[in-house]
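Position one of the sequence shown corresponds to residue 21 (my numbering), numbered consecutively onward.
Below is one structure; the comments refer to it alone.
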Amino acid sequence: MTTEGTSAARSAEPLALLSKEGVSVWLDDLSRRRIASGNLAGLIAGKHVVGVTTNPSIFRAAIGSGEGYEEQLADLAVRGVSVDEAVRMMTSADVRAAADVLRPVYEATGGRDGRVSLEVDPRLAHDTRATVAEAVQLAWLVDRPNVMIKIPATEAGLPAITEVTARGISVNVTLIFSLDRYRQVMDAYLTGLEQARERGAELSGIHSVASFFVSRVDAEIDKRLTALGTEEAAGLRGRAALANARLAYQAYEEVFGTERWAALERAGANRQRPLWASTGVKDPAYKDTLYVDELVAPGTVNTMPEATLDATAEHGDVRGDTVTAGYAQARADLDAVARLGISYDEVVGLLENEGVAKFEAAWQELLDAVSASLSARDGSEDDGDEGKEVHA
Numbered sequence: 021m022t023t024e025g026t027s028a029a030r031s032a033e034p035l036a037l038l039s040k041e042g043v044s045v046w047l048d049d050l051s052r053r054r055i056a057s058g059n060l061a062g063l064i065a066g067k068h069v070v071g072v073t074t075n076p077s078i079f080r081a082a083i084g085s086g087e088g089y090e091e092q093l094a095d096l097a098v099r100g101v102s103v104d105e106a107v108r109m110m111t112s113a114d115v116r117a118a119a120d121v122l123r124p125v126y127e128a129t130g131g132r133d134g135r136v137s138l139e140v141d142p143r144l145a146h147d148t149r150a151t152v153a154e155a156v157q158l159a160w161l162v163d164r165p166n167v168m169i170k171i172p173a174t175e176a177g178l179p180a181i182t183e184v185t186a187r188g189i190s191v192n193v194t195l196i197f198s199l200d201r202y203r204q205v206m207d208a209y210l211t212g213l214e215q216a217r218e219r220g221a222e223l224s225g226i227h228s229v230a231s232f233f234v235s236r237v238d239a240e241i242d243k244r245l246t247a248l249g250t251e252e253a254a255g256l257r258g259r260a261a262l263a264n265a266r267l268a269y270q271a272y273e274e275v276f277g278t279e280r281w282a283a284l285e286r287a288g289a290n291r292q293r294p295l296w297a298s299t300g301v302k303d304p305a306y307k308d309t310l311y312v313d314e315l316v317a318p319g320t321v322n323t324m325p326e327a328t329l330d331a332t333a334e335h336g337d338v339r340g341d342t343v344t345a346g347y348a349q350a351r352a353d354l355d356a357v358a359r360l361g362i363s364y365d366e367v368v369g370l371l372e373n374e375g376v377a378k379f380e381a382a383w384q385e386l387l388d389a390v391s392a393s394l395s396a397r398d399g400s401e402d403d404g405d406e407g408k409e410v411h412a
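What follows is the structure, given as C-alpha cells:
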C-alpha cells in the first residue's frame, strides 16, 4: 500500500471501529452534484457510509442554488408544472439516483442499510391523512426498495406512521425529542407491523429507523443553564442531550425485549433502530465528535453532516459501547436539570414545534427559489403562490 493509501486507511479507522461496534454510518446530506461527481460513491467506498438522510433544509441548500438542476428546471418550466410538483420531481430524482448508488449496500446488508430517506412535505406535519397520501405517493415516485419515507413524530404523525408501515412502506420517523414521544413512535411502528401481518404482508421487507435528535436538546437546555448563572448549572452544560439519548436507548431495549415484539420478530419483522440525528455540535466549546463518541451502541444509526463525518474519521474516539452503562447517570443528569427549574416537557415540546417550523420555513424558501427559477425560464410573472402552475 502506498503512503497515501496508508494515510487514507488510517484516517477512516474510527469510522471502521464505529461500524464494528454495530453503528451504521449515514450521511446527513445530498445534492445532485454530490451524486454526479462520484463523491457519494467515494464516501461509501472510503468512509464507511452506508446510508443517506435528507430533509427540507438540505434540499433548500442543494436545489436553491440551481447547480446541477438547470436542465430539469428548463424541462419543468416548458411543461408548465406547479412549483410543488417541480420540487417533488427534483427531490425524488435525487433520492432515486442516490438509492441506485447505495443499492449494492442494500443488497449486501439484506435491506438493513443502503437506505436513502425522503421527507413528506413538512406543511403536512399536523394532517394525518395528507401525510399518508404523500408518503404513498413519494414511495411510488422514487420506486426503489431502499427508499425510506420520513414522517415527523407529531401527534398527527403517529397514526400516519402506523398506516404507512401497515402498507409495507419503510419509514424514517423524524423530529423525536422526548422519551414519551419516542415510546409512542415505537408503539406506532409495532402496531403498523401487526396490521401488516393481519393483511398478509411480508414483514421482512419493512424496515424503520427512529430519528432521535441530539444537539438541539443541549442548545436549548444549555441556554437556560447559562441564564441561571450558578456553578451547579454550569456543571450540567453539555450533559442533557447525551442523557436524553441514552435513556432513549434504554427505552428501545425495553420495548424490543417484550413478548409483543418477540411475536413480530418470529414473523420476520425487523427492529426499528434508533438513529442519532442532529449530531453536529452547536457549541464550539464541545468536541466536534461529542455526539458520535458518546453514543456508541449496537444496532444504532448515526447520521452525520459531512463535517462531523470528516472529524470522526480524523480524530473520533471510538472506545466501545458508551451508552448502556450510563443509564443511572443519565437519569441523574436530567433530574438535576429539573431540580434547577428547567422543565423537560416544556423544552422537548418547544423543540418539536420549532423543528416543524424550521422545516416548513426551509421548504417555503425552496419553493420560492424554484418558483423564481421556473419563471425566469418561461418568462412568466411569478405572483409568489407556490400552488399555482407556471405556464410555458
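Beta carbons: idealized from backbone N, C-alpha and C, even for Gly.
- Within the model, the alpha-carbon separation for tyrosine 89 versus threonine 250 is close to 52 Å.
- For glycine 86 and alanine 97, the gap between their C-alpha atoms comes out near 14 Å.
- C-alpha of phenylalanine 79 to C-alpha of leucine 386: approximately 7 Å in a straight line.
- In this structure, glutamate 41 places its C-beta atom within 8 Å of the C-beta atom of proline 318.
- For leucine 138, the enclosing beta strand (DSSP E) stretches over residues 135-139.
- Annotation for alanine 119: Val136, Arg164, Asn166 and Val167 place their beta carbon closer than 6 Å to its own, counting only its chain and skipping 5 residues before and after.
- Look at valine 193 here: in three-state DSSP terms it is strand.
- Secondary structure remark: continuous alpha helix (DSSP H) runs of at least 4 residues inside the segment 127-186, in chain order: 148-162 and 177-186.
- Proximity to lysine 307 across Glu279, Gly288 and Ala331 peaks at Ala331, based on C-alpha coordinates.
- Note that the C-beta distance between alanine 297 and serine 231 is below 8 Å.
- Counting along the chain, the unbroken alpha helix (DSSP H) around proline 76 starts and ends at 76-84.
- Under the three-state reduction of DSSP, arginine 293 is assigned to strand.
- For serine 231, the enclosing beta strand (DSSP E) covers residues 228-233.
- Between the beta-carbon of threonine 174 and that of valine 376 there is about 7 Å, and that keeps the pair under the 8 Å contact cut.
- In this structure, arginine 203 places its C-beta atom within 8 Å of the C-beta atom of alanine 271.
- As computed with DSSP, tryptophan 46 is found in a beta bridge with Gly71 and Thr323.
- Measuring C-alpha to C-alpha distances from isoleucine 181 to each of Val162, Glu139 and Glu222 identifies Glu139 as the nearest.
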